[in-house]
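In full-length UniProt numbering, the protein residues as written are 1 to 465. Where a beta carbon is used, it is the ideal one built from N, C-alpha and C, also for glycine.
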Ligand SMILES: Cc1ncc(COP(=O)(O)O)c(C=O)c1O
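If you want it as structure tokens, here you go:
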């Protein structure tokens, strides 16, 4: 079947203006289990890819493209892995809803025993409306509105993670008004440079989140919180960033947070019973990525906390973590249809799909790397250096910057981009009045829409002018 359908596109090993490209994978049909969700496989007979026993061609037929295909079994197994890694260590796992949140996902989290962290009134509504007990919800955000704070207190949520002096006063007032004492954590900036993209690093000094440790704001926030009736300070929170592989940042964060607990005990005679070390664990977007297992994180973090507390003569606080990407990220892929193929002599071949930056902004925003595979059939054609782009009127509308695809690729073929469960649908937009794709959950040969495709009626409903 190897015939070159697209003349002139560069081949592996070609030296191009931007430099040498890695050699293409030996077999373009192979699907790396590190990158694809657990029930994804390629059918030997048809060559098409299946997920949860369902052929992607049938899924495209039934639900259309682009579509996010969410592997429920994969999602649940990651929930279990985190729960098992932390539960016997007197620790709690909060799924970070910002990665992707829907009512079905909240129900799965509830059933698997996880908690959820939300960062807006909207996410709180989704979590509550899907039956997550309010005490198992934590509320984040650097500028929560008064209305959101009143709503959260009224709903009886477990923890509010306070991020500013203004919020401390507003929350204490809202709780006073309702005659309750709201449990809080204080988010501190531990001054760690997390090795990740600047836009998703959140613990170095020059960024918007948290009370600075080195600047003394954290200690001042503790002093104020301990004097306010409406709030009950139960602990300290830190989140250093996202898509992180190196444990060093987490270790420094844990050490500095325990250091603050010791300071609080010395100054106020109070032993705060909880610490939350946030989320941030990286996942594999390509075969080059090497993510850590939850068990490794659990062992490393609890060991550091135990050691630091022993050194400070502190009781070991209850630990929480907040993985988002590491749970939902690998559980979904985005299914696209190829529309046009444009080989550029001596450069690369542009493959346009029927989605783009409106359903996956991460490549454009963070220069993120992704993989891609032809999934509607197998092919042993020559690899062609490709750039998968969207249909938006923007040259930055890139989905997969560099990848090898078979050079017999044709319009109508289906491509899938794996590991799009996190920060894709949740950051999707209506740019160019694109309709946000559906999320289709698959399990045991069954497929169901858990978030439906947007319609033009939906867009017009908002356009009330
Ligand atoms: C406070 C907080 N917790 C948890 C997370 C989840 O991070 P990740 O999805 O990288 O695990 C984020 C992400 O930005 C966050 O800001």
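Distances from the CB of residue 362 to the heavy atoms of ligand 1 are all 6 Å or more. The C-alpha of residue 225 is placed about 14 Å away from the C-alpha of residue 260. Two segments are said to touch when three or more pairs of C-beta atoms, one from each, lie closer than 8 Å; by this definition the region 97-111 does not touch the region 301-310.
Between residue 386 and residue 368, the C-beta spacing is not below 7 Å.
Listed in chain order, the alpha helix (DSSP H) runs fully inside the region 294-371 are 294-312, 325-328 and 362-366, counting runs of at least 4 residues.
Within the DSSP bridge table, the entry for residue 233 names 184 as partners. Per DSSP, the unbroken beta strand (DSSP E) holding residue 401 starts and ends at 398-406.
In this structure residue 339 touches residue 411 by the C-beta definition: roughly 6 Å separates them, less than 8 Å.
Using a Cβ distance threshold of 7 Å, residue 51 and residue 372 do not count as a contacting pair. Across the structure, residue 143 and residue 151 are spaced so that their CA atoms are roughly 14 Å apart. The region 45-63 and the region 426-435 do not touch, with fewer than 3 CB-CB distances between them shorter than 8 Å. The three-state reading of DSSP puts residue 453 in coil, since its state is none of H, G, I, E or B.
The alpha-carbon separation between residue 352 and residue 223 amounts to approximately 56 Å.
Assigned with DSSP and collapsed to three states, residue 59 falls in helix.
Distances from the CA of residue 400 to each of 355, 92 and 382 were compared; the closest alpha carbon is that of 355.
Excluding its 5 nearest sequence neighbours in each direction, residue 257 has C-beta neighbours in its own chain below 6 Å: 236, 238 and 275, listed in chain order. Beta-bridge annotation (DSSP): residue 71 is paired with 442. Residue 129: member of the alpha helix (DSSP H) spanning 121-129, first to last residue. Residue 36 sits close to residue 418, with the two beta carbons spaced by under 7 Å. Here the alpha carbon of residue 88 sits roughly 20 Å from the alpha carbon of residue 310. Residue environment for residue 27: exposed (fewer than 16 other C-beta atoms within 10 angstroms of its C-beta). Not one heavy atom of ligand 1 sits closer than 6 Å to the Cβ of residue 292. Short of 6 Å from the beta carbon of residue 249, and not among the five residues preceding or following it, lie these beta carbons of its own chain, in chain order: 192, 194 and 240. Burial state of residue 78 is buried, judged by a 10 Å Cβ sphere holding 16 or more other Cβ atoms.
Taking 6 Å as the cut-off, one finds no heavy atom of ligand 1 near enough to the beta carbon of residue 259. Check the Cα spacing between residue 68 and each of 336, 409, 384 and 413: the tightest is with 336.
When DSSP states are grouped into helix, strand and coil, residue 157 belongs to the coil group. Residue 262 is positioned such that its CB atom lies no closer than 7 Å to that of residue 293. Per DSSP, residue 111 is one residue of the alpha helix (DSSP H) stretching across 103-111. When the Cα atoms are used, residue 122 and residue 63 turn out to be separated by approximately 26 Å. In terms of side-chain proximity, the C-beta atom of residue 242 is found nearer than 6 Å to a non-hydrogen atom of ligand 1. Of the candidates 83, 227, 161 and 231, the residue whose Cα lies closest to the Cα of residue 120 is 161. DSSP lists no bridge partner for residue 66. Excluding sequence positions up to five before and after residue 212, its CB lies within less than 7 Å of the CB of 189, 205 and 218, all in the same chain and listed in chain order. In this structure, the beta-carbon distance from residue 34 to residue 284 falls below 7 Å. Beta-bridge analysis with DSSP links residue 94 to 115.
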